[in-house]
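Undergrad: Start counting at 1 in the sequence shown, then tack on 5, and there's your number in my numbering.
Note that CB positions come from ideal geometry on N, CA and C, so glycine has one too.
Supplied in structure tokens, the structure appears directly below.
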Amino acid sequence: MESTSFPAVRLAPDQVRYRVSCLFELAASLHLLCRTPAAQPADEWMGHMQSVLSQLSLMPEFCYFAPAFSQNIPWIFHPNHTVGITGPEEMFTYITNLSVRRFREAFSLALRGKQLAQVHLPSALEVDLQRDAEFVKGRFSLFLSAYWESAFAAAWQEVAPALEKEGLRIEEARMAPEKMLSFLRAIPLPLGEGSPIGSDSHADSSPASVDMRLLVLYPSWFYPDDAAWHIQDGVGHLLYRIPQKHDKRPHPGSGCCPDG
Numbered sequence: 006m007e008s009t010s011f012p013a014v015r016l017a018p019d020q021v022r023y024r025v026s027c028l029f030e031l032a033a034s035l036h037l038l039c040r041t042p043a044a045q046p047a048d049e050w051m052g053h054m055q056s057v058l059s060q061l062s063l064m065p066e067f068c069y070f071a072p073a074f075s076q077n078i079p080w081i082f083h084p085n086h087t088v089g090i091t092g093p094e095e096m097f098t099y100i101t102n103l104s105v106r107r108f109r110e111a112f113s114l115a116l117r118g119k120q121l122a123q124v125h126l127p128s129a130l131e132v133d134l135q136r137d138a139e140f141v142k143g144r145f146s147l148f149l150s151a152y153w154e155s156a157f158a159a160a161w162q163e164v165a166p167a168l169e170k171e172g173l174r175i176e177e178a179r180m181a182p183e184k185m186l187s188f189l190r191a192i193p194l195p196l197g198e199g200s201p202i203g204s205d206s207h208a209d210s211s212p213a214s215v216d217m218r219l220l221v222l223y224p225s226w227f228y229p230d231d232a233a234w235h236i237q238d239g240v241g242h243l244l245y246r247i248p249q250k251h252d253k254r255p256h257p258g259s260g261c262c263p264d265g
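Okay, structure coming up:
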């Protein structure tokens, strides 16, 4: 894919921040699972995760919610909205306190991304969101709890140190504008591609289109897509996957659940 890099912007230390969210990492892992064929897992952990879902009879629930994660990650999970969530209690409190309207809007927007990708019959999730979004929200909360307990909690313990290390890299780089620019230019930005994070606001997609008064970085371990970038009200938001050795990203549109 054709890519570009950041322009020669100079950012003071207090103009650069970063945020990490446990809930976003969980949602990104679901997105990654949806894009990984069962017979060809992206790595051993993904193969183990699929096995756990099957053994604990969670695969039907995973496949029920998969249409909302196969092409997108609903915007309510973006680390800008879920910053500070570091464990199950905060996670479930956040989901519980979400209004049914916001939950329905976020999942419906993610589902529309799937509809643009291919013609298909409405999924059970799409139908249920229209009929009883509160029921779907409660069902997702139960699935979230089971998924956390059965598989993701252990994974989070493993990847959290890597995210902390990336945070230290950002802290070091932002102390000098030249180092920060080199850091940013090492992250390729795709040209002509929309963000796979459904957005609830209008945003500019060009780093050079407006002056930035603040840049917020969102490093992620499980996020499998190209970097997602937008500017809103002078604040730049950059979501990217931290570098990993032997990176084997799955190809889009090859999920482990049947369509429909």
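1. Quick check: what's the CA-CA separation for SER155 versus PRO65?
2. Straight-line CA distance for ILE236 to GLY89?
3. Counting along the chain, where does the alpha helix (DSSP H) carrying TRP50 start and finish?
4. Check VAL105 in the structure and name its three-state DSSP category.
5. Using the C-alpha atoms, what's the distance from TRP226 back to LEU3?
6. Would you kindly check if the distance between the Cβ of LEU220 and the Cβ of VAL21 is under 7 Å?
7. Roughly how many angstroms lie between the CA atoms of PHE11 and ALA73, to the nearest whole one?
8. When you compare the CB positions of PHE29 and PRO79, do they come within less than 7 Å of one another, or not?
9. Helix, strand or coil for TYR228 per DSSP?
10. Hey, out of GLN60, GLU110, PHE148, whose CA is closest to TYR69's CA?
11. Taking the DSSP output, what are the residues bridged to HIS235?
12. Buried or exposed for GLN76, please, with buried defined as at least 16 other CB atoms from any protein chain shown within 10 angstroms of its CB.
13. From the DSSP output, in three-state form, read off VAL21 for me.
14. Give the DSSP bridge partners of TYR223, in chain order.
15. CA-CA distance, VAL240 and ALA138?
16. Quick check on HIS83: does DSSP put it in helix, strand or coil?
17. Residues in the same chain with beta-carbon distance under 7 Å from GLN45, minus the five sequence neighbours each way, listed in chain order, please.
TA: From the atom records:
1. Counting only the Cα atoms, PRO65 lies some 15 Å from SER155.
2. Their Cα atoms are separated by approximately 22 Å.
3. Element bounds for TRP50: 49–60.
4. DSSP places VAL105 in helix when its eight states are reduced to three.
5. Nothing can be reported for residue 3: it is not among the residues displayed for the chain, which extend from 6 to 265.
6. Note that the C-beta distance between VAL21 and LEU220 is below 7 Å.
7. When only Cα atoms are considered, PHE11 and ALA73 end up about 31 Å apart.
8. Contact check for PHE29 against PRO79 fails: the beta carbons are separated by 7 Å or more.
9. DSSP places TYR228 outside both helix and strand once states are collapsed to three, so it counts as coil.
10. Nearest of GLN60, GLU110, PHE148 to TYR69, Cα basis: PHE148.
11. Answer by DSSP bridge pairing, in chain order: HIS242.
12. The residue is buried, with at least 16 neighbouring Cβ atoms inside 10 Å.
13. Here VAL21 sits in strand by DSSP.
14. Answer is LEU244, bridged to TYR223.
15. A direct Cα-Cα distance of roughly 32 Å separates VAL240 from ALA138.
16. Coil, per DSSP.
17. Annotation note: pLDDT 48 at GLN45 (below 50); position unreliable, coordinate value reported separately. Around GLN45: no qualifying Cβ.
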